[in-house]
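Numbering (the numbering used here), first residue to last: 938 to 1659. Virtual Cβ for every residue (Gly too), placed ideally from N, Cα, C.
See below:
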């Protein structure tokens, strides 16, 4: 359990000590646990407050004045009276533009327009000075300078709707504009397209210490915490509010920033937008090697389609006739992307080498690479391996590679013989729906559904390609991030307001391939007959991953370790906050409950991993990786013993109370305490393992067999028995 308290919202936290069911601390994979633990537990609050005071011409406070606040877009109205000190506070307000009016018998009516409230902001409007006169007379203020934050201790920044609409963003990613704020460093390349990554460092904190919310729902991805489950399109964002430092206790335990994306809402009038952005290879120059090989320019098509529409939901003559009850906003953005990979330059085995003939194999100095017989240590005659000595499984792996297509050593200097460039399909689709329903002046409902579909198809350079360095297998990857948010605000009295929030996120993802692509990499189809230690972990019968160390720019064989892979991540968050205005105090308390779930296939090369690299410590080494493969000589071989699907769980409960105390007109104190309780992360069905030194038994130790030469024969030697 952790506690936090401070003036100016100073916070600190601690995590629970993890314990296993039997009391012994399990030694899990530390990196995985730390990644899961770093999920921040921020409140879902996106609402703000407007505070101020009313004074007469002599600067004396005016108590009992009627202050009316109206949201410009929807016409929703709130009304309160000033207290004995002339102060007023409007709490739990949706971000947006407002206009305010003050009336008091004996004074002219005062109106203030164009008040823009950001998310999670306490906005001071200062002392509103009334003029003596009749109430029928009116004084209107239509423009004011930017308000200096004097009502709370927080330090924050805002990317406004105007900036989002008017600043050019090449990749149309609203996250790009955060680097305009002081103390924000963005290391993510966002030039190409919108994505879910935010490699952002704020005020020197780590990138995984930040929290990202969409309409108050935490959308950080469980596992790394520096990408998101969903992301909003540029034209669907009303503003981005970043709480940098000194924010209040209601905003949780994380040491980093709180990045709040507020989606657009509909209003009393209908508005719509349609747009198309085109980036095409016709605007690009061709690559040097493509020109050299007389190849056309690769496809480069970052085309973006977008539309949105918002307004009131009405049934003519029956429902919402005044257009002040139900509002909607819908947005969709399409990225039908096809992009080229970087030009690859690799060394693949030649047709002669696949047949065991290395008479033409040369190094970078154009000298012959001598292939040695493992049984004698002497060179093979003519640098050719006899057909009877070739290993069927090793040569089967060599034959999977494409044939060389670039043999001009005057250009390649012997560093490569195969040049390629492939194309990846990376379509994205973003969707966002927001509904706002004013049941009556005291009750308001609001809901948001956001979706981000990330699809990738290709062989090199996509998320599930791993370390593949040539188009070995074309795979498809699909992620569908979804966020659902429901908010209910109840005005119990003008000075007592309750806010309830429920949110749910889910992120199913996985990869797949066609039967033809799988067949190109199956042991039975390519002639790879070597046995596998744990065939049940490799249900598709895929070939092992293979590396060829010592060959300059060697091609490798690699099928992503988790393939076929599937994963789902769910989170449930419930909060309830109660705000009470009492004299100079604005007191707020609340509870936060979360449940996190991750079901994931453990990463591992289940088909096995084999290295044919040159190794001077291997007495069977033939002096070249491709000849080692042809002979069936390998340096190392590894294989997981089991294919495990993890089911991680974590629960958390937090509660807080805070007070914004306006001691005088020139002094405001923020005070708060937050308590949080996080359960240890655990795996359902005991899916995790660890090292327990006390369980070691010398009698059960594995006996190692070493390669050796005995009586001019290669044998395996057990040093324990001789």
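- In the DSSP annotation of this structure, the continuous segment of the beta strand (DSSP E) that includes residue 1375 starts and ends at 1365 to 1377.
- In this structure, the straight-line span from the alpha carbon of residue 1427 to that of residue 1215 is close to 46 Å.
- Note on geometry: alpha-carbon atoms of residue 1172 and residue 1292 lie some 59 Å from one another.
- Residue 1277 sits close to residue 1235, with the two beta carbons spaced by under 8 Å.
- Burial state of residue 1422 is buried, judged by a 10 Å Cβ sphere holding 16 or more other Cβ atoms.
- Within the region 1089 to 1123, complete alpha helix (DSSP H) segments of at least 4 residues are found at 1098 to 1103, given in chain order.
- Ranked by Cα distance from residue 1578, the options 1417, 1470 and 1508 are led by 1470.
- Between the alpha carbons of residue 1430 and residue 988 lies a distance of about 17 Å.
- By the Cβ criterion, the region 1257 to 1267 is not in contact with the region 1542 to 1557, since fewer than three pairs of Cβ atoms, one from each stretch, lie closer than 8 Å.
- Assignment of residue 1219 by DSSP, reduced to helix, strand and coil, places it in the helix class.
- Each of 1273, 1210 and 1338 was checked against the Cα of residue 1283, and the nearest Cα belongs to 1338.
- The beta carbons of residue 1056 and residue 1201 sit no closer together than 8 Å.
- Just so you know, the alpha carbons of residue 1614 and residue 1511 end up roughly 15 Å apart.
- Close CB contacts of residue 1316 within its chain, under the 8 Å cut and outside five residues either way in sequence, are with 1307, 1308, 1309 and 1310 (chain order).
- Under the three-state reduction of DSSP output, residue 1171 falls in the helix class.
- Taking 8 Å as the cut-off, the beta carbon of residue 1352 is found no closer than this to the beta carbon of residue 1240.
- A Cβ-Cβ separation of about 4 Å places residue 1077 in contact with residue 1048 under the 8 Å criterion.
- Ranked by Cα distance from residue 1040, the first of 1068, 1051 and 1032 is 1068.
- The closest CA to that of residue 1547, considering only 1237, 1035, 1514 and 1330, is found on 1330.
- Bridge partners of residue 1275 according to DSSP: 1238 and 1362.
- Distance from the CA of residue 1312 to the CA of residue 1571, rounded to the nearest whole angstrom, comes to 15 Å.
- In the same chain as residue 1573, and ignoring 5 residues on each side of it, the C-beta atoms closer than 6 Å to its own belong to 1548, in chain order.
- Residue nearest to residue 1328 within the set 1046, 1564 and 1017 is 1564 (criterion: CA-CA distance).
- Ranking 1443, 1161 and 1367 by CA distance to the CA of residue 1169 puts 1367 first.
- Taking a contact to require three or more Cβ pairs closer than 8 Å, the region 1530 to 1537 and the region 1552 to 1563 do not qualify as touching.
- Residue pairing by DSSP places residue 1587 opposite 1533 in a beta bridge.
- About 5 Å separates the CB atoms of residue 1596 and residue 1608; that is less than 8 Å, so the two are in contact.
- Burial is judged here by how many other beta carbons sit within 10 angstroms of a residue's own beta carbon; residue 1452 has fewer than 16 and is exposed.
- The beta carbon of residue 1361 lies closer than 7 Å to those of 1276, 1278, 1393, 1394, 1395, 1398 and 1399 in the same chain, with the five residues before and after it left out.
- DSSP, read as helix, strand or coil, puts residue 1455 in helix.
- Every beta strand (DSSP E) of 3 residues or more that sits fully in the region 1252 to 1306 is shown, in chain order, as 1263 to 1272, 1275 to 1277 and 1281 to 1283.
- If the five residues before and after residue 1632 are omitted, its C-beta is found closer than 6 Å to no C-beta atom of its own chain.
- With fewer than 16 neighbouring CB atoms inside 10 Å of its own CB, residue 1105 falls in the exposed class.
- DSSP, reduced to helix, strand and coil, places residue 1320 within a helical segment of the structure shown.
- Per DSSP, reduced to three states, the secondary structure at residue 1604 is strand.
- Residue 1448 has its alpha-carbon roughly 5 Å from the corresponding atom of residue 1413.
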